[in-house]
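Take a look at the structure below.
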Amino acid sequence: MPEMVDLSKYAIFETPQLETRKVYNAPDDYEAVERFNKSMAEVHRDYSAKEKLSCISAKKLVLTD
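In this note's numbering, the protein residues as written are 2 to 66.
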């Protein structure tokens with residue numbers, strides 16, 4: 002049975018009610034979500050490292066010109 006969440010207590014303006022449902026309940030589902038979260042953390046870590054290297058090389062380029 003879906004549970005209704007009243008969002009008006011979190012906002013100043015008029016908000017709709019939010020219907021929530023449990024979409025997974027088996028241990029396999031939780032393990033799949035955990036694997037997904039770990040892989041996304043790795044993707045974010047790689048992206049952050051590349052972004053930092055890009056920023057460092059851009060600073061060197063600006064300083065040497």
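Cβ atoms here follow ideal geometry from the backbone N, Cα and C, with glycine treated the same way. Predicted model, so just to flag it, every value in this text is computed and none were measured.
- Judged by DSSP in its simplified three-state form, V6 adopts strand.
- With contacts defined as CB atoms closer than 8 angstroms, M5 and E20 qualify as a contacting pair.
- Going by C-alpha positions, K61 is about 29 angstroms away from A42.
- Listed in chain order, the alpha helix (DSSP H) elements of length 4 or more contained wholly in the region 34-61 amount to none.
- The C-alpha of R46 lies about 19 angstroms from the C-alpha of S58.
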